[in-house]
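Taking the UniProt record's numbering, the leading residue of the sequence shown gets 1, the next gets one more, and so forth.
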Amino acid sequence: MSTTTGYSTTTQTQTQTQTQTQTSTATTTQVVTVPGPGPTTPPSEKSCLEPHCVVLAASILSGLDVSQDPCENFYDFANGGWLNAHPLPADKASFGKFEALAQQNKQTIQKLLESSSTPSSSMYDYDAEILKKLRDHYASCLDESYLNEVGDKPLVHVVKVIKQLYREEDTDITSTVLKNEQADWDLGLQPNGLTAAVAFLHSRGIPGLFSFDIEGDAGADPNHMVLWFNQPELGLPSKEYFEEKEIREVYKDTLAQLFESVLDVLDDDKDDKDKDGEDDDDDDEDDDDDSVATSTQAELTNNDESQTWPPWPWPPWGGDDDPDDGDKEPTKQPRSVRAQRLAKQVVALERKIAEASLDLDILYQDPIATYNPVALSNLTSTLTQIEFPAYFSTFTPRAYPDRVILTYPSYSKSLSSILDDTPKKAVEAYLVSRALLQLSPYLGMETKQWQAHRRLIETLSGIKKGAVGDRAEWCVSRVEETLGFASGRFFVEETFAGESKKKGTKLIQDIISSFKTSLKDIDWMDEKSAKAAAEKADAIRVKVGYPLSPDTTNPRSIAFYYRTVNIDKSKFFDNMLSAASSNQFKKWLQVGKQRDLESWEMFPSTVNAYYNPPANEIVFPAGILQPPFFHASWPGYLAYGAFGQVASHELTHAFDSAGRLYNQQGKLEEWWTKKTSEGFKVKQTCIVDQYSEYTIDDGKGGRIHVNGNLTSGESIGDSGLIQAYRAWKQQYHVSQEKGGEYLLPGLTYTREQLFFISFARIWARAMKTAAAVQRIRTDPHPPTRYRVDGTLSNIPEFAKAFKCSKGAKLNPPQEKRCILWG
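In structure tokens, the structure reads:
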């Protein structure tokens with residue numbers, strides 16, 4: 001299992017996953033605002049009046065809302081101006097500083113993709129090869145007319161393959177791998193239909209039933225890459241959604257629309273029964289009547305129906321009564337009824353899978369509980385429906401592992417029971433649904449599948465119906481997703497020149513030094529543990545800007561890395577599948593080998609960062625080393641406040657609720673003394689309790705509490721801001737003498753105040769209520785408001801900088817603070 005923890009998790013997401021609901025309401029009530037405490041003493045030094053200083057100062061001033069009291073609502077004080085000037089776009093579920101920078105980075109790549117310029121490097125042929133793939137893939141995505149003309153044919157073909165494999169009409173599993181590797185991988189194994197179909201899906205990066213991650217063996221040798229058996233992604237964001245009747249109905253209706261579009265492939269010519277003679281109706285305990293589905297449809301379409309898109313494509317569903325009357329041949333039911341039946345079965349099956357899955361707070365926060373190494377025979381004897389040797393032969397040439405790590409030992413047993421109790425046709429429908437959900441977005445927007453999938457996304461995220469964003473922006477995202485190291489090569493050349501890497505690295509090293517210095521002042525950590533913590537901090541590998549495997553600076557390295565990705569200028573759907581297959585191939589080649597210490601899990605243009613515990617490394621792509629997070633020419637108080645928070649957050653992950661359980665070499669081990677561990681747990685409980693009190697609007701007149709257990713690791717990571725503040729202070733005089741702490745015009749705030757403003761302003765984000773609820777349930781990060789105010793309430797230096805009065809919300813009594821780092 002990958003134990004990487006970064007600013008995000010993502011789905012496709014974006015991995016910086018924080019929540020903040022922004023609501024605008026019209027009112028005639030007159031509100032009188034009382035300004036909060038102002039700056040301490042105005043600076044007497046002259047300010048920088050160069051153009052870049054004026055622009056930077058203006059961006060900071062325009063982002064503030066000075067009507068807010070910084071000691072009560074610092075998030076609003078630092079971000080209110082920006083949020084008011086940047087209303088949430090109709091096509092987006094959330095939009096903030098992270099997303100704005102990601103959009104800017106995409107525009108940089110877009111210019112390259114739409115340009116006809118040729119590379120000027122000495123390795124022209126390789127750069128030309130890379131550019132051709134990038135531009136052809138982008139062009140294939142933009143050609144909407146062709147995508148709509150082709151329609152759903154590529155997706156129907158995938159469904160046919162799944163059906164043929166599952167029904168054992170074709171069990172040649174080697175046909176699912178890359179053609180140029182097939183000869184080495186053909187082991188002559190003939191898997192059963194379920195194994196063949198699942199292997200096909202997984203070889204295309206399509207989740208289903210279970211998943212395998214490749215990561216270091218944290219309990220034995222963290223750099224020896226092994227298999228981690230894990231639960232799968234769900235069709236809904238989390239297990240909680242399967243317990244909400246209204247959402248289940250929307251999900252079921254979406255699946256029914258998708259199934260109806262491929263019924264000609266799935267239907268048997270003879271009758272509606274499984275091969276084993278079992279009727280395909282299930283004993284779904286969730287026997288919801290159809291009035292719920294009908295009312296849900298009405299709710300989603302009656303709001304200004306003329307403006308609603310996509311339109312509901314068919315009338316309400318009929319009943320689920322089985323037409324079979326005794327020994328009579330069953331009458332073929334209408335397509336919509338048959339599709340709804342399959343959808344109902346899939347929802348019932350997936351609901352059971354969700355119930356059998358481990359809760360996310362344990363999955364994310366307890367590396368001891370999720371490390372369960374067993375002999376492969378343990379898995380094969382438990383989940384007998386899958387022929388694992390044949391499954392592995394799809395991915396690994398000539399050999400398969402004899403040992404596997406289970407993240408949740410009971411899941412394989414539960415899955416086996418679920419499969420035994422589920423009709424074959426329902427399992428087939430589930431596998432098909434995984435492909436339909438994953439691949440429908442790659443079709444033309446006029447297809448029924450694209451529209452059905454879009455409707456589900458709109459419901460879950462709160463996006464305005466029919467508000468489709470810029471196609472070019474979406475296509476650049478697909479280029480990054482599939483060829484991210486290739487596009488990253490040119491992104492780095494364009495945006496990460498000069499001293500960015502050098503100064504960014506120095507800032508990180510300063511924070512590590514500050515952390516080590518603070519260890520002696522931590523009241524819950526004894527001397528022995530402090531020494532070990534310092535050794536771990538020294539051992540952390542720091543990666544900044546771009547990877548060297550593949551080597552971003554070497555076009556030959558990039559070209560060879562993507563040689564197995566076949567790109568056709570007219571086949572966007574096939575291009576996405578080819579890239580997914582290539583990624584799976586490269587992923588599985590790591591099994592049994594030593595970790596590539598130069599590899600990255602993120603692309604250079606990514607606006608994110610992460611800490612990987614088994615590798616004991618912190619990684620900062622060039623994508624996040626841009627304003628408003630960082631610029632090489634910025635004064636120190638801004639750089640350490642913004643990017644310093646990113647750096648200190650990732651460093652602190654090495655010592656958070658999960659990271660502290662990995663030693664200097666990345667091995668799972670209790671390397672702290674018992675006394676120190678007990679002291680830490682007291683602090684962790686304080687953080688859990690603090691954040692569990694925070695709430696967001698649920699959109700239904702109620703409030704949802706933050707899951708303090710789920711967010712404890714990220715909240716502890718945010719507490720590392722104090723290390724960035726101390727690091728800035730420690731280097732201040734040297735920096736000032738070199739002109740690195742210059743003042744900006746029009747800002748009457750002290751440098752200390754601007755440090756905290758610089759920190760808070762990166763978290764500005766507006767979000768749809770539905771998206772905020774989704775993130776509360778799935779995201780290990782707290783909502784952005786609490787990443788600011790919750791963090792600062794535990795830092796006395798903040799209250800001192802803004803001269804907050806005793807009793808102010810962000811200046812609680814010392815005994816009420818959760819102070820981890822002295």
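We put the beta carbon where it would ideally sit given N, CA and C, even for glycine.
- In the DSSP assignment, residue 612 forms a beta bridge with 617.
- The three-state reading of DSSP puts residue 575 in helix, counting H, G and I together.
- At a Cβ-Cβ threshold of 8 Å, residue 61 and residue 747 count as neighbours.
- Going by beta carbons, residue 229 and residue 236 fall outside the 8 Å limit.
- Under the three-state reduction of DSSP, residue 89 is assigned to coil, being neither helix nor strand.
- DSSP, reduced to helix, strand and coil, places residue 496 outside both helices and strands of the structure shown, so it counts as coil.
- Listed in chain order, the non-local C-beta contacts of residue 672 below 6 Å within the same chain comprise 529, local neighbours out to five positions each way being set aside.
- Distance from residue 215 to residue 780 at the Cβ level is roughly 17 Å; contact not present, criterion being Cβ atoms closer than 8 Å.
- Three or more Cβ pairs drawn from the segment 632-643 and the segment 753-760 lie within less than 8 Å of each other, which places the two stretches in contact.
- In the displayed model, residue 137 falls within a helix according to three-state DSSP.
- For residue 154, the enclosing alpha helix (DSSP H) has its first and last residue at 153-166.
- For residue 97, the enclosing alpha helix (DSSP H) stretches over residues 97-114.
- Taking the Cα positions, residue 565 is about 10 Å away from residue 574.
- Around the Cβ of residue 782, a 10 Å sphere holds 16 or more other Cβ atoms; the residue is buried.
- When DSSP reads this structure, residue 212 sits in a beta bridge with 229.
- With 16 or more other CB atoms across the displayed protein chains lying within 10 angstroms of its CB, residue 247 is buried.
- Taking all protein chains shown into account, residue 51 has fewer than 16 neighbouring C-beta atoms within 10 Å of its C-beta and is therefore exposed.
- Here residue 336 carries a helix assignment [DSSP, helix/strand/coil].
- Straight through space, the alpha carbons of residue 543 and residue 662 are spaced by roughly 19 Å.
- Secondary-structure assignment with DSSP links residue 435 through no beta bridge to anything.
- Closest in alpha carbon position to residue 603, among 700, 56 and 105, is 105.
- Between the alpha carbons of residue 264 and residue 157 lies a gap of roughly 12 Å.
- DSSP, reduced to helix, strand and coil, places residue 63 within a helical segment of the structure shown.
- In the structure shown, residue 220 falls within a coil segment according to DSSP collapsed to helix, strand and coil.
- Annotated as distal: residue 619 and residue 552, with beta-carbon spacing of 8 Å or more.
- Of the other Cβ atoms in all chains shown, fewer than 16 fall within 10 Å of the Cβ of residue 457; this residue is therefore exposed.
- Between residue 468 and residue 91, the C-beta gap is smaller than 8 Å, which places the two residues in contact.
- Runs of the beta strand (DSSP E) lying entirely within the segment 649-708 and spanning at least 3 residues, in chain order: 695-697 and 703-705.
- Classified as buried, residue 63 has 16 or more neighbouring CB atoms from the shown chains inside 10 Å of its CB.
- Residue 368 is classed as exposed because its beta carbon has fewer than 16 other beta carbons within 10 Å across all chains shown.
- Under DSSP, residue 372 forms a beta bridge with 406.
- Burial state of residue 689 is exposed, judged by a 10 Å Cβ sphere holding fewer than 16 other Cβ atoms.
- In summary, residue 648 is buried, with 16 or more beta-carbon neighbours lying within 10 Å of its beta-carbon over all protein chains present.
- Going by DSSP, residue 766 is part of the beta strand (DSSP E) stretching over 765-767.
- DSSP, read as helix, strand or coil, puts residue 236 in coil.
- The C-alpha of residue 631 is placed about 48 Å away from the C-alpha of residue 153.
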